[in-house]
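First comes the structure, then the notes that go with it.
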Amino acid sequence: MSVDHILRLTVRFHVGAYRREADLALPAGSALADLIPEIVALCGAPRISRPWQATTAAGLPIDPALPLHQTSLDHGSVVVLSPRHETPAPVIRDAAESLAAAPSGSRPEGMAVAGTLAGCAGAAVLVAQWEPLSHALATAALIALVMLLWRRGSVALSLAAIGCATAAAAVFVGEASADPFDYSTLSWQALSAGTALVLTLLLTAVIGGPGPRIGSALIAVTGLVAIAALAAHLPSPDAPAALVVAAGMLGMAIIPGSAVRAAGLKIPRLPTAGQDLQVADAVQPDVNRRARRALRIHEGLAVGTALGVIPALLYLGYQGGGFILGLCVAVAGATIVHAGRHHQAATVWAWLSVGLTALVGVCLAMGDHPFQIVVALGVVSAAISAPMWAAKVPDLEPTTVVWWERAESLAIAASLPLAAHVAGLFLLIRGLG
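According to the UniProt record's numbering, the residues represented by the sequence shown are 1 to 433, in order.
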């Protein structure tokens, strides 16, 4: 037989879990229908009750009645043999059958947890009839924690327990105080509420807490509230808001590294000169899981910090003043540039919200001085024209990006002494002298 009358093909068998292939030289003038029985016997493929279906490697069917030289096969082509699967005939449904077969959407979930939450609220109302409100809230928190043992991982039950415990601590301090609305009492209420929140969060984390994203957000908010509570004892009434803004700016710089360390990620080590090369061979086996955890922690810390800084900026802007205006300008520049360096939507929107709120604070803090008016007009003009220049930001040259990053660092550095001045720390230090 001439070589031109032979096709060298790779025949693959796909029969359930059976996988085998063989390189065969087949007569080009023969059809697959004639060759398949001999190929099956030659390769030792299992016998099947259905007809064989021949396809290419891409799944295109091959007519088994045509000679091989009349098909699209060439030397080196792949022929896949598998049992033929019949396509089910279409079923014509009437209106009622179509409605019954239509997808009904996802099944509602959380009904049992909703019942538990309603029961917690009812128990708190009943206890409040005979006991103080703090005892009623503590009872609701205890019930939510107990039920969390049966429904581990429930975010709603975790948040209910944390919220009730936090409120119970704050209300208890108010009940024990002679003047619940005194400035010092409010400070102690915030500290006790933050302590209760952290302790309950740790307890729910052991049982099956709300997750790293929500947990880190609550920790960030608690830290800022604690700073505001401690700053309430300073002479300046603007000290709590100013120090919260300063803490937010410091947090923006240290949050990425803190998230990496909290997730347990280790930076790969490179051997120094003369050091054993095996130092660089150590690889964490669960690095992907830790990386996802680090991203969630980072998002939670960013969102929690934003939730604490935004009301502080609005309060400071309402107070007004030249130093507050400068502080809002520095915060806006630092956070907006920092937001553009992230890729996670939650992180970007968290820092961008802080920056946009700082822009509003600039307008609120504007006084009668011409320079303050010019600064406010420039900020408003830049915000209004954002659709005109925002599309060009991704195309900036690397050297320009480096200068923007330096401007961000400068803005963070400028915001700290401005916040300290607004908080009255410099006057306090001068008074000590």
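Glycine is no exception: its CB is placed at the ideal position from the N, C-alpha and C atoms.
Original post:
Is the beta carbon of L301 sitting closer than 8 Å to the one on S216?
Top reply: Sequence index remark: in the sequence shown, residue 301 carries index 301 (1-based). Sequence index remark: in the sequence shown, residue 216 carries index 216 (1-based). In terms of Cβ geometry, L301 and S216 form a close pair [threshold 8 Å].
Subject >> Nonlocal neighbours in the same chain, by C-beta distance under 7 Å from G326, ignoring five residues either side >> reply: For the purposes of this step, residue 326 is identified with residue 326 of the sequence shown, where counting begins at 1. Around G326, the same chain offers L418 as residues with beta carbons nearer than 7 Å, after the five sequence neighbours per side are excluded.
Original post:
Does the Cβ of G122 have 16 or more other Cβ atoms within 10 Å, making it buried, or fewer, making it exposed?
Top reply: Working through the sequence shown from its first residue, we reach residue 122 at position 122. Exposed, by the Cβ-count rule.
Subject >> Option nearest S72 by Cα separation, candidates L81, L60 and P83 >> reply: Position 72 of the sequence shown, counted from the first residue, corresponds to residue 72. Of the listed residues, the one whose Cα sits closest to S72 is L60.
Subject >> C-beta contact flag for A54 and I62 at 8 Å >> reply: Residue 54 sits at position 54 when you count from the first residue of the sequence shown. Residue 62 sits at position 62 when you count from the first residue of the sequence shown. The criterion of a C-beta distance shorter than 8 Å is satisfied by A54 and I62.
Original post:
Just to confirm, are H338 and W351 a CB contact at a threshold of 8 Å?
Top reply: Sequence index remark: in the sequence shown, residue 338 carries index 338 (1-based). Sequence index remark: in the sequence shown, residue 351 carries index 351 (1-based). Result yes, Cβ atoms of H338 and W351 sit closer than 8 Å.
Original post:
Expressed to the nearest angstrom, what Euclidean distance is found between the alpha-carbon atoms of T116 and L157?
Top reply: The residue given as residue 116 occupies position 116 in the sequence shown. The residue given as residue 157 occupies position 157 in the sequence shown. Straight-line measurement puts the Cα of L157 at about 8 Å from the Cα of T116.
Original post:
So, is T222 buried or exposed, given that buried needs 16 or more other C-beta atoms within 10 angstroms?
Top reply: Within the sequence shown, the letter at position 222 stands for residue 222. Buried.
Subject >> Where M252 falls, given that 16 or more other Cβ within 10 Å makes a residue buried >> reply: Here residue 252 refers to the residue found at position 252 of the sequence shown. Classified as buried, M252 has 16 or more neighbouring CB atoms from the shown chains inside 10 Å of its CB.
Subject >> Start and end residues, beta strand (DSSP E) containing V15 >> reply: The residue you call residue 15 lines up with position 15 of the sequence shown. That run of the beta strand (DSSP E) goes I6 to V15.
Original post:
How is the beta strand (DSSP E) around E21 delimited, first residue to last?
Top reply: Taking the sequence shown and counting its residues from 1, one reaches residue 21 at position 21. Counting along the chain, the beta strand (DSSP E) containing E21 begins and ends at Y18 to P27.
Subject >> CB of M366 within 8 Å of CB of A376, strictly >> reply: Residue 366 sits at position 366 when you count from the first residue of the sequence shown. Residue 376 sits at position 376 when you count from the first residue of the sequence shown. Their beta carbons are under 8 Å apart, which means M366 touches A376 by this criterion.
Original post:
Within this structure, are the beta carbons of A332 and A358 separated by less than 8 Å?
Top reply: Residue numbering aside, residue 332 sits at position 332 when the sequence shown is read from its first letter. Residue numbering aside, residue 358 sits at position 358 when the sequence shown is read from its first letter. Their beta carbons are under 8 Å apart, which means A332 touches A358 by this criterion.
Original post:
With distances taken from CA atoms, which of S236, A118, V360 and G29 is nearest L425?
Top reply: Here residue 425 refers to the residue found at position 425 of the sequence shown. Per the Cα distances, S236.
**OP:** Scan the region 134 to 196 and note each continuous beta strand (DSSP E) run of 3 residues or more that stays entirely inside, going in chain order.
**Re:** Complete beta strand (DSSP E) runs here, min 3: none at all.
Subject >> Span separating the alpha-carbon of P370 from that of A330 >> reply: To locate residue 370, count along the sequence shown from 1; it is residue 370. To locate residue 330, count along the sequence shown from 1; it is residue 330. Looking at the backbone, the Cα of P370 and that of A330 are separated by about 19 Å.
Original post:
Would DSSP call W52 helix, strand or coil?
Top reply: As a working note, residue 52 is residue 52 in the sequence shown. Three-state result, W52: strand.
Original post:
So the alpha helix (DSSP H) S82 belongs to, where does it begin and stop?
Top reply: Numbered from its first residue, the sequence shown carries residue 82 at position 82. That residue, S82, is in no alpha helix (DSSP H); its beta strand (DSSP E) goes V78 to P83.
Subject >> Alpha-carbon spacing of S2 relative to P51, whole angstroms >> reply: Translated into positions along the sequence shown, residue 2 becomes position 2. Translated into positions along the sequence shown, residue 51 becomes position 51. In this prediction, S2 has a pLDDT of 44, which is less than 50 and means its spatial position is unreliable; what the coordinates show is noted afterwards. If you take the alpha carbons of S2 and P51, they lie about 31 Å apart.
Original post:
When DSSP labels each residue in this structure, what does A58 get in the three-state scheme?
Top reply: Numbered from its first residue, the sequence shown carries residue 58 at position 58. Correct three-state label for A58: coil.
Original post:
For the candidate residues A231, A294 and A242, whose alpha-carbon lies nearest to that of S258?
Top reply: Position 258 of the sequence shown, counting from 1, holds the residue named residue 258. Selected option, being the one with the closest Cα: A294.
Original post:
Taking Cβ positions, are residue 435 and L137 nearer each other than 8 Å?
Top reply: Here the chain covers residues 1 to 433 and nothing more, so residue 435 does not appear.
Original post:
So, G211 versus V155, is the Cβ gap smaller than 8 Å?
Top reply: The count along the sequence shown starts at 1 and reaches residue 211 at position 211. The count along the sequence shown starts at 1 and reaches residue 155 at position 155. Yes, the Cβ-Cβ distance between G211 and V155 is below 8 Å.
Original post:
Count the other CB atoms within 10 Å of the CB of H298; is the residue buried (16 or more) or exposed (fewer)?
Top reply: Locating residue 298 in the sequence shown gives position 298, counting from the first residue. Per the 10 Å Cβ criterion, buried.
**OP:** Could you tell me how far apart the beta carbons of L224 and V198 are, in whole angstroms, since I believe they sit closer than 8 Å?
**Re:** Taking the first residue of the sequence shown as 1, we reach residue 224 at position 224. Taking the first residue of the sequence shown as 1, we reach residue 198 at position 198. Actually they do not touch by this definition, with Cβ atoms about 13 Å apart.
Subject >> alpha helix (DSSP H) runs wholly inside the region 338 to 407, at least 4 long, in chain order >> reply: Every alpha helix (DSSP H) of 4 residues or more that sits fully in the region 338 to 407 is shown, in chain order, as 345 to 365, 370 to 384 and 386 to 389.
**OP:** Pull up the distance between the alpha-carbon of G76 and that of V402, whole angstroms please.
**Re:** Within the sequence shown, the letter at position 76 stands for residue 76. Within the sequence shown, the letter at position 402 stands for residue 402. For G76 and V402, the distance between alpha carbons rounds to 54 Å.
Original post:
Assuming R152 contacts I207 under a Cβ cut-off of 8 Å, what Cβ separation, rounded to an integer in Å, is found between them?
Top reply: Numbered from its first residue, the sequence shown carries residue 152 at position 152. Numbered from its first residue, the sequence shown carries residue 207 at position 207. Yes, R152 and I207 are in contact; Cβ-Cβ is about 6 Å, under 8 Å.
Original post:
Tell me the DSSP bridge mates of A31?
Top reply: Along the sequence shown, one-based indexing puts residue 31 at 31. Residue pairing of A31 in beta bridges, as defined by DSSP: P67.
Original post:
The alpha helix (DSSP H) with I227 in it runs from where to where?
Top reply: The residue labelled residue 227 in the question sits at position 227 within the sequence shown. Here the alpha helix (DSSP H) through I227 covers P212 to A231.
Original post:
P64 and L32: beta carbons closer than 8 Å?
Top reply: Position 64 of the sequence shown, counting from 1, holds the residue named residue 64. Position 32 of the sequence shown, counting from 1, holds the residue named residue 32. For P64 and L32, yes; Cβs fall inside 8 Å.
Original post:
Count the other CB atoms within 10 Å of the CB of Y315; is the residue buried (16 or more) or exposed (fewer)?
Top reply: Taking the first residue of the sequence shown as 1, we reach residue 315 at position 315. Taking all protein chains shown into account, Y315 has 16 or more neighbouring C-beta atoms within 10 Å of its C-beta and is therefore buried.
Original post:
Cα-Cα, which of W150, T139, C363 and A262 is closest to G321?
Top reply: Sequence index remark: in the sequence shown, residue 321 carries index 321 (1-based). Ranked by Cα distance from G321, the options W150, T139, C363 and A262 are led by C363.
Subject >> Collapsed DSSP secondary structure at S415 in the structure displayed >> reply: Position 415 of the sequence shown holds residue 415. Shown here, S415 sits in a helix according to DSSP, grouped into three states.
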